[in-house]
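Reviewing the structure listed below.
2 protein chains.
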Amino acid sequence: MTDRSPAAGKPIRTAITDEDGIDFAIIELFFFAYRDFTSDPDQILADYGFGRAHHRVLHFVNRRPGLTVAELLDVLKITKQSLARVLKQLIDTDHIVQLQGPRDRRQRELYPTAKGRALALALARPQSRRIRAALEDSGTTERTSIERFLEAMVNPELRAQINIVPAQTSGKKNGDH
Amino acid sequence: MTDRSPAAGKPIRTAITDEDGIDFAIIELFFFAYRDFTSDPDQILADYGFGRAHHRVLHFVNRRPGLTVAELLDVLKITKQSLARVLKQLIDTDHIVQLQGPRDRRQRELYPTAKGRALALALARPQSRRIRAALEDSGTTERTSIERFLEAMVNPELRAQINIVPAQTSGKKNGDH
DNA sequence: AAATTACGTCAACAGTACTGACATAATCCC
DNA sequence: GGGATTATGTCAGTACTGTTGACGTAATTT
Chain A
-4 MTDRSPAAGK
6 PIRTAITDED
16 GIDFAIIELF
26 FFAYRDFTSD
36 PDQILADYGF
46 GRAHHRVLHF
56 VNRRPGLTVA
66 ELLDVLKITK
76 QSLARVLKQL
86 IDTDHIVQLQ
96 GPRDRRQREL
106 YPTAKGRALA
116 LALARPQSRR
126 IRAALEDSGT
136 TERTSIERFL
146 EAMVNPELRA
156 QINIVPAQTS
166 GKKNGDH
Chain B
-4 MTDRSPAAGK
6 PIRTAITDED
16 GIDFAIIELF
26 FFAYRDFTSD
36 PDQILADYGF
46 GRAHHRVLHF
56 VNRRPGLTVA
66 ELLDVLKITK
76 QSLARVLKQL
86 IDTDHIVQLQ
96 GPRDRRQREL
106 YPTAKGRALA
116 LALARPQSRR
126 IRAALEDSGT
136 TERTSIERFL
146 EAMVNPELRA
156 QINIVPAQTS
166 GKKNGDH
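If you want it as structure tokens, here you go:
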């Protein structure tokens, strides 16, 4: 293991360059930024025996109260089996409650409890703090410029999901199918 | 399961707001953006039986040829046991070679092979394309503004690692394929 | 010579994802 | 009415990536 095996290719000693127009700088920054961004809530989650999956579920249930299981799966892009464990734990710990769908009784509308709302806020707080600091530190005058860039990074087909949220409109349940 | 259990908290029907100054919009966008950003190479990796961990190792070995195992662990912030499996596979498949450290023969300097270099480029290509498109779509005139924001999102202690890379990208804006 | 360092490896386990299969209740449609 | 479909739940097995802890070896340091 110390040396190369007989048939191994020769080592390339030069660093990869941007010769091909590959934006390694931003690729790398995105990795570091996201890693640290998610590390903030990870600390808190550990105290609850939760993981990132719990955070994501909690986030979207708080953002779109009353969404159904199917809608949640569509937003998270995971399978129902994968969601099941995590959602069950959040329900068992009284962070989320399910209500039978009013129109379609097969559906389960998901709502946060006060406890779930509080945790979602606690998890988002350090992330928001980091974002605010980053905007200041980077001298970003227009917050929306970052927003626009991030949104443009999302697959076009999925951008619709993002805009579902009633930005400032609190108290009003919105377009559920 | 249909209804709330007896002691469950009451459902909150209002969407979480930005009232507390929490920047949910960017938090959410960051999640979607990173998810789609990583989904690009995931397709290619699947063909090799590799995962994201392989990609990250490959990326940094190409970016910093000759880095030691310890340095790689420090950049990735994972344990050596976690790195071992992934690194071994990349070495066995002749994407990476190890050379004994010249000064300290205990060390293993990691280098990409031509094969490893090619794969790293192939993985980065769609990501770079996405970034370039996002910069254009969002009307970002100054590429560096995004760079600065992302860098500011990284923990201060870790920013040093980012700037290790010799060749800088400053002048290059696009010209991608 | 002893201690430390760099790396490798074995074992066990956790969290999150996947596929496939099957069950139940509710709704839809002929 | 009755069959098909839909929404959800659940069981079983598997993969990938991460963890901790322990131990071994070679090389370097003290």
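Chains A and B supply the protein sequences, listed in that same order.
Per this note's numbering, residue -4 is the first one in the first sequence, and the count goes up by one each step.
Per this note's numbering, residue -4 is the first one in the second sequence, and the count goes up by one each step.
Cβ coordinates follow ideal geometry from the N, Cα and C atoms, glycine included.
Burial is judged here by how many other beta carbons sit within 10 angstroms of a residue's own beta carbon; R154 (chain B) has fewer than 16 and is exposed. The beta-carbon separation of L116 (chain A) and D15 (chain B), rounded to 6 angstroms, stays under the 8 angstroms limit for a contact.
When Cβ pairs closer than 8 angstroms are counted between the two stretches, the segment 128 to 143 of chain A is seen to touch the segment 7 to 27 of chain B, the count reaching three or more. Interface with chain B (8 angstroms Cβ-Cβ cutoff): G134 (chain A) is included. For P60 (chain B), the closest alpha carbon among the candidates A:R125, A:G134 and A:K5 is that of A:K5.
Spatial neighbours of Q102 (chain B) in its own chain (CB-CB distance under 6 angstroms, excluding positions within 5 residues in sequence) are listed in chain order as T63 and G96. Within the same chain, no residue comes within 7 angstroms of A79 (chain B) by CB-CB distance, once the 5 residues on both sides are set aside. In the structure shown, the three-state DSSP call for Q93 (chain A) is strand.
Against chain B, a Cβ distance below 9 angstroms from E66 (chain A) picks out nothing, because the smallest value is about 14 angstroms. Residues of chain B whose Cβ lies closer than 8 angstroms to the Cβ of Q38 (chain A) do not exist, since the nearest Cβ in that chain is about 13 angstroms away. Taking the C-beta atoms as reference points, T108 (chain A) is found nearer than 8 angstroms to I91 (chain A). The alpha carbon of S34 (chain B) has as its nearest neighbour, out of B:D89, B:S123, B:Q156 and B:D132, the alpha carbon of B:S123.
Here L40 (chain B) is near H50 (chain B), since their CB atoms are less than 8 angstroms apart.
Interface flag for S77 (chain B) against chain A is unset, since no Cβ pair is found closer than 8 angstroms. For T108 (chain A), the neighbours in chain B by C-beta distance under 8 angstroms run, in chain order, A3, G4, K5, P6 and I7.
Using a Cβ-Cβ cut-off of 8 angstroms, L153 (chain A) is close to F27 and D31 of chain B, given in chain order. The DSSP assignment places 103 to 107 as complete runs of the beta strand (DSSP E) inside the segment 92 to 159 of chain B, in order along the chain (cut-off: 3 residues). Identification of residues in the segment 44 to 75 of chain B having a C-beta nearer than 8 angstroms to some C-beta of chain A yields R51, H54, N57, R58, R59, P60, G61 and K72, given in sequence order. Looking at the backbone, the Cα of A147 (chain A) and that of T136 (chain B) are separated by about 14 angstroms.
Judged by DSSP secondary structure, D69 (chain A) falls within the alpha helix (DSSP H) whose first and last residues are V64 to L71. Take the alpha-carbon of F27 (chain A) and the one of Q84 (chain A): they are about 30 angstroms apart. For D18 (chain B), the chain A residues whose C-beta falls within less than 7 angstroms of its own C-beta are S123, I126 and R127, listed in chain order.
Within 10 angstroms of the beta-carbon of G111 (chain B) lie 16 or more other beta-carbons, which makes it buried. Around the C-beta of R98 (chain A), fewer than 16 other C-beta atoms lie within 10 Å, and the residue is accordingly described as exposed.
What A117 (chain B) touches in chain A, judged by beta-carbon distance under 8 angstroms, is nothing: the nearest beta carbon there is about 10 angstroms away.
Going by beta carbons, F25 (chain B) and Y29 (chain A) fall inside the 8 angstroms limit.
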